[in-house]
Amino acid sequence: MTNSTVSEECIFIGANRQANVADYTNNLVAYGAGSTVALWNPFSSNKKGVFHTLRKHTAEVTCVKFVPDSDLLLSAGEDGQINVWKRNGNAYDVVSSLNEEGASITCMSVHGEFFITGNSLGKVNIYKLDGDNVSLHEELTVKFNFYPLTLCVHKIGSGYLLIVGGTSSSLFVYTFSSTDTPKLVATMTGHEDWIKALAIVKDGEDYLLASGSQDRYIRLWRLKFNDNIDNSDEDARKLTLLSNRQYKFFIGEDKCAFSFDALIMGHDDWVSGLQWHPHSGKLQLLSLTADTALMIWEMDSESGIWVCLSRLGEMSIKGASTATGSSGGFWSCLWVTNELNTEQLILANGKTGAIRAYKLTDEENKIWNSDLGLSGPIKEVNDTVWSKDGTYCFTTSLDQTTRLLAPWVKERPANSQHNKTWHEFARPQIHGYDMICLDNINAFKFVSGGDEKVLRVFEMTQSISDLLHKFCDIKLQASESEVLPEAAALPVLGLSNKAANEQLEAGEAQQREEDFEENQDGQATKVDPLANLEGPPLEDHLQRHTLFPEIEKLYGHGYETTCCATSPSGNLIASACRSNNIKHSVIRVFNVGKDFQLQEEPLRGHNLTITSLEFSPDGQYLVAVSRDRQLSLWRVVDEENAKIELIQLNEKAHSRIVWDCSWAPPTASGSFFVTGSRDRSIKLWKVTESGASMLASLKTGEPVTSIACFQHSLIHDRLIIAIGQESGKISIYTTTLEENPTLVQSIVFDDAILPASKVCKLSFSNQVSDNKLLLAVGSSDTSARIYGISTDALN
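Take the sequence shown: its letter number 82 is residue 82 in full-length UniProt numbering, and every next letter is one higher.
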């Protein structure tokens, strides 16, 4: 495979909810995303998101650190693995791996030739870097029943200073060198709860250490040397909170002393991240907390009091804090500048996995504005489907969200390679259940199923339609009888998104003040918060202003839904649910044209859960596959009245669970479909008067978890089939649809661009753009990806 054959058009993958999950160097952010490390240039001119992911870990990545002044990157995860990556062009290759057996790595710090890790066994391990080689220098146990949550290591003179914070209200200070073992030299008290964040910076001849805690305070500690040390003793009468005690010790030959310097108060929840200003000599501190606040602090030169210069983030929801069990707020932050030091950004990731960006637009007045960051799923992506015209796609995930992904067409020359970049333009459904499946009814409506018995139908809002037209050059024309709702919102109590005008009529929710403005007559009028955007919506907009209103609930299943499909005309919806018996292993059919009426008699035949079903592109047939290893073929006799009859139930379609099925485009020689199974095979079937006849079969080497055909047309007179497998492998097969067809493997995706684990769903756009087929992929590695496949390689 050459690079020109398959390209990564876009990758959507959210950041893990960990405090040490991201780092930055030379215009490059690396962050833990599921079991991968995602790479992103926040200063790129084309605003492309994640451009590559690194695969090696087998569990969630918890720590990512660049090694300063080198081309090395360190990552660690819940699998106990520590991987050392070396830069290779725009990506990284693993050059060394270690494993802390039976442990999850919780924190990491790196400086000079050493990096330190803390793990869930309560161990602090000091590793030495020698080029690409790594060796364990020392293993520490701070104290019994203590677990490290944050580390800070810094080289001072000929020795190293290591500060450890964790499940204690004390800070533990160690010194060591490349030849000496670590020595505990101080235990600093003052905090009242666990310590979650540390950051150190040079301040003149001294150092300033900031520590952030679950007690909601930030404490500053000044480290002085030799003649600068004050010889006064501690005043025992002072409160512990404001104690002026000095903690004296030696680093090599240098006499040192830590003393309490300042107490910063202002946050309403746990302090989980601290970063000093990226420019040396500028003493400003960024703090990040679980109350969704980012604050920049600076010491007032006259009073010596640390004051807040800027507050970023969002206003936290009243009552939603860590004390009430909320997992919201921010988890980690970065304060970065580009290589030319002309731009400055603050990046923060929160509970939705999105990385928010704030750009310094006026340094004199300290004004920060929200900028385009990243968004993406944070759990398994179960389904992905393209719009009817193939211009944008929906994905749905176990993170309880449905996302609309579309290409941002910028005002650049049409032949520019960077004319389009993909972004999340709407979050139509934010649900209370894990999402399982979805399909389009028409250009404006879709149906989705979550981990519940109910299917829900949603309708696009006018503001999202306008947004797609404005930035994506996608023109969706509603019929005269179809008036789109203006906007939607989620009521405080309930799972159903309502149209904004319905909410006002029912009195279920009050409009936020910022959604209104006064006109010339002094009357309050509604404002579309998306109308003045200059680019794709930011995370704030996606969460609050891009919901689709729910217009219908579809009942009928006895257990949680597993799959759904709509007919090409959008008049029928077929769905299935989990089952371990014949009674519930049925297909329920809803008639959209008759107010989503449920057909009294379900389609029976299977014995176990139906895993996938799909209508043929001409709307004449429906095929379903199941855990019972069977496939069923149905004929649509009367679509208007939703009459469907069974043609055949093939009891020996495969020898193991059949995971997926997909129809080929209709041809003069008949109707064809393909199936993929856990028995490591794919099969091509032709529809006959008596049922489905198998034409070709091929073993694939490992279980097939998803299969999709390009349904718009044949390419070079061949059917194009994409298969996804349990390891994340993706391949393209081709075949003719004449007599005695043979399935031929045409393209195998390069390992470097594959998802890190099981492919859950594949879906082709029906468009051919720039001689490329677009393939959307949802994976259990928490990513949604779109690949471009050159049609020239499919001869």
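Even glycine gets a Cβ: it sits at the ideal position worked out from N, Cα and C.
Measuring CA to CA, which of the options is closest to residue i?
| i | options | result |
| --- | --- | --- |
| T342 | I720, L714, F43, E738 | F43 |
| K282 | V134, M299, C472 | M299 |
| L684 | I430, N532, F673 | F673 |
| K388 | P617, I200, A354, S375 | P617 |
| Q275 | K202, G112, D130, L467 | K202 |
| H431 | G449, F425, E424, H423 | G449 |
| Y433 | L754, T401, E482, N795 | T401 |
| R17 | L530, I195, N532, S332 | S332 |
| L429 | H545, V527, E192, T361 | Note that residue 429 is Gln in the sequence shown, not Leu. Here the closest residue by C-alpha is H545. |
| G390 | L28, F710, T62, A531 | F710 |
| K351 | L476, E314, F225 | E314 |
| D269 | A406, N607, L294 | L294 |
| D473 | A406, A443, E424, Q462 | A406 |
| C10 | D792, F260, G778 | G778 |
| V592 | S567, N607, E600, K583 | S567 |
| N766 | Y392, H423, H111, T782 | Y392 |
| E380 | I789, A784, Q745, A565 | A784 |
| E726 | S585, A499, S757 | S757 |
| L360 | A354, G353, N369 | N369 |
| D206 | G676, W221, S579, E459 | W221 |
| Y160 | M435, I200, L72 | I200 |
Helix, strand or coil for residue i? Go by DSSP, reduced to three states.
| i | result |
| --- | --- |
| H712 | coil |
| A752 | helix |
| D23 | strand |
| S109 | strand |
| Q275 | strand |
| N497 | coil |
| H545 | helix |
| T705 | strand |
| G791 | The residue you asked about is not Gly; residue 791 is Thr in the sequence shown. Three-state DSSP puts T791 in a helix. |
| H557 | coil |
| H431 | coil |
| I82 | strand |
| L405 | strand |
| F471 | helix |
| R237 | The predicted model places R237 with a pLDDT of 43, which falls under 50 and marks its position as unreliable; any figure quoted below should be read in that light. Residue state, collapsed to three classes: coil. |
| Q511 | Low local confidence applies: a pLDDT of 41 at Q511 is under 50, so the model's placement there is unreliable, and no value is given. |
| Q214 | coil |
| E550 | strand |
| N740 | coil |
Under the rule that 16 or more other beta-carbon atoms within 10 Å means buried, what is residue i, buried or exposed?
| i | result |
| --- | --- |
| R237 | Caution is warranted here: a pLDDT of 43 is assigned to R237, below 50, making its placement in the model unreliable, and the coordinate value is therefore given only provisionally. Exposed, by the Cβ-count rule. |
| E738 | exposed |
| P377 | buried |
| D751 | exposed |
| F250 | exposed |
| residue 816 | Residue coverage of the chain in this structure runs from 1 to 795, which leaves residue 816 outside it and unanswerable. |
| R604 | exposed |
| Y217 | buried |
| S397 | buried |
| D79 | buried |
| K729 | buried |
| T62 | buried |
| T141 | exposed |
| S7 | exposed |
| E614 | buried |
| E101 | exposed |
| S168 | buried |
| I346 | buried |
| E640 | exposed |
| K196 | buried |
| Y24 | buried |
Pop quiz: residue i and residue j are said to be a contact at Cβ under 8 Å. What is the actual Cβ separation, rounded to whole angstroms?
| i | j | result |
| --- | --- | --- |
| R678 | I657 | 4 Å |
| A722 | I732 | 6 Å |
| C760 | T562 | Going by Cβ atoms, the distance from C760 to T562 rounds to 12 Å, so no, they are not a contact pair. |
| F258 | L223 | 5 Å |
| A103 | S120 | 5 Å |
| G166 | W194 | 7 Å |
| P182 | L198 | Rounded, the Cβ-Cβ distance is 17 Å, inconsistent with contact. |
| L698 | L631 | Going by Cβ atoms, the distance from L698 to L631 rounds to 17 Å, so no, they are not a contact pair. |
Going residue by residue through the stretch 288-367, where are the continuous beta strand (DSSP E) segments of at least 3 residues, counting only ones entirely within it? 293-299, 306-313, 330-337, 344-350, 355-362
Those runs of the beta strand (DSSP E) which lie wholly inside the stretch 589-653 and span at least 3 residues: 610-615, 621-626, 631-638, 643-650
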